[in-house]
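Following: one structure in structure tokens, then a few remarks.
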Amino acid sequence: MTTKKKILIAGSDSFISDRLDELIPDDENIEIKRYNEENFNIEEVVDFISTISLFYEDKYLIVKNIHKIKELEDSLNYFSGESEAHIVFTSENNNLIKLFKDHFEIIKETKHSYKDFVVQVMEIFKSKGVDIEFNEAKEIYELCGRNIDLIKQEAEKISIFFYNQKIESFDEILKLISSSNVNLVFKFLDSFYVRDKRKTLEYLNEMISAHENLMMVFYMLAKRANEMFYYKINPELVSGHAYKISQIKSAVSKWKLDELSQLIENLYFIDKKLKISTISLENELISLINSL
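Each residue of the sequence shown is one higher than the one before, counting from 3 in the numbering used here.
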């Protein structure tokens, strides 16, 4: 039996998400079972790690929030021996490290200072081609509730909105962030690409009521269309955060390649009309949704 990895990741949601992205390969030949405090079942878990996979080259067990699963703590003996699956546990606190340190590799988040987080914000924006100063990064960090995951989404949104454009001032960035309900925007994208017409229209109406920047939403819709198209051809052509890839992966089966090609063409013509006329983007988005 090939030795499998056993890992406990302890830290914040953002830290855990980043480490999982690094550890779990994006490969269709890998079987992954995911559990948390709501769906954990010790019998299913033991069966999964004890049996050889017949249809996949490798397998991973991921159990999140183990500090909330008393049943798992009482069943540690099942995870101390050999396993047919890589085992990855995550916890938001360090209290369980002593229980697992003898049999698991421990990946523990280092405590960061306030300055470290602000510098991280600068690096996130720099990775998207947007340079900001320390005090500007500090303002974004506070405006986003010190939520690094949200800041990553905002940075991606801003890089799309200002694609091939020069940002004249920090106020332009700040205006986009302060006026945005980024979670609503991503819900709109996800529902559009799983072709849920009703929910997509609901999210569009919510964004209109919240005075969301529809031009930014349109650009993100177009970018996702291209990512879906290339993922359909070859998944290795598309990279990005694990959440985005998982959403693309779950939606791509609902589209044929020629349908995505037609959608991209329609988006191109809408973009062209927006630049040379005074068409209503709201009406164009409604037409796109109704065509799903």
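Just so it is clear, CB atoms sit at the ideal spot from N, CA and C, and this is done for glycine as well.
Let me know if residue i comes out buried or exposed under the rule of 16 or more other beta-carbons within 10 Å of its beta-carbon.
{"i": "Glu24", "result": "exposed"}
{"i": "Tyr143", "result": "buried"}
{"i": "Tyr195", "result": "buried"}
{"i": "Ile291", "result": "buried"}
{"i": "Gly13", "result": "buried"}
{"i": "Gln264", "result": "exposed"}
{"i": "Leu262", "result": "buried"}
{"i": "Leu239", "result": "exposed"}
{"i": "Leu56", "result": "exposed"}
{"i": "His105", "result": "exposed"}
{"i": "Arg226", "result": "buried"}
{"i": "Gln155", "result": "buried"}
{"i": "Gln167", "result": "exposed"}
{"i": "Ile54", "result": "exposed"}
{"i": "Thr202", "result": "buried"}
Look up residue i in the DSSP assignment and give the residues it is bridged to.
{"i": "Lys35", "result": "Leu63"}
{"i": "Leu10", "result": "Phe91 and Ile108"}
Could you tell me the distance, in whole angstroms, from the CA atom of residue i to the CA atom of residue j?
{"i": "Lys258", "j": "Met230", "result": "10 angstroms"}
{"i": "Leu223", "j": "Tyr80", "result": "46 angstroms"}
{"i": "Ile19", "j": "Leu152", "result": "Sequence check: residue 19 is Ser here, not Ile. Whole-angstrom Cα-Cα distance: 13 angstroms."}
{"i": "Val65", "j": "Pro237", "result": "26 angstroms"}
{"i": "Glu135", "j": "Ser193", "result": "36 angstroms"}
{"i": "Leu216", "j": "Leu101", "result": "50 angstroms"}
{"i": "Ile89", "j": "Lys6", "result": "8 angstroms"}
{"i": "Lys70", "j": "Glu39", "result": "6 angstroms"}
{"i": "Glu107", "j": "Tyr37", "result": "19 angstroms"}
{"i": "Ile26", "j": "Ile34", "result": "9 angstroms"}
{"i": "Lys381", "j": "Leu22", "result": "In the structure as shown, the chain begins at 3 and stops at 294. Residue 381 is therefore absent and cannot be evaluated."}
{"i": "Ile169", "j": "Phe127", "result": "13 angstroms"}
{"i": "Ser82", "j": "Phe50", "result": "15 angstroms"}
Take residue i and list the residues in its own chain whose beta-carbon comes closer than 7 angstroms to its own, dropping the five residues that flank it on each side.
{"i": "Glu286", "result": "Ile272"}
{"i": "Ser161", "result": "Lys130, Gly131 and Val132"}
{"i": "Asp29", "result": "none"}
{"i": "Leu283", "result": "Leu216, Met217, Phe220 and Leu276"}
{"i": "Asn97", "result": "His69"}
{"i": "Phe163", "result": "Leu178, Met218 and Tyr221"}
For residue i, collect the residues of the same chain with a Cβ closer than 6 angstroms to its Cβ; drop the 5 residues on either side in sequence, then sort them by chain order.
{"i": "Asp60", "result": "Ile32"}
{"i": "Leu294", "result": "Arg197 and Lys199"}
{"i": "Thr92", "result": "Ile11, Ile18 and Lys66"}
{"i": "Tyr233", "result": "Val240, Ile250 and Val254"}
With a threshold of 8 angstroms on Cβ separation, who are the neighbours of residue i within its own chain once the five nearest residues in sequence on each side are excluded?
{"i": "Ile44", "result": "Glu73, Leu74, Ser77 and Tyr80"}
{"i": "Leu186", "result": "Tyr205, Glu208, Met209, Ala212 and Glu214"}
{"i": "Asp15", "result": "Glu94 and Asp151"}
Notebook entry, point to check: Which residue spans inside the stretch 189-239 form an unbroken alpha helix (DSSP H) run of at least 4?
Noted result: 199-211 and 216-235
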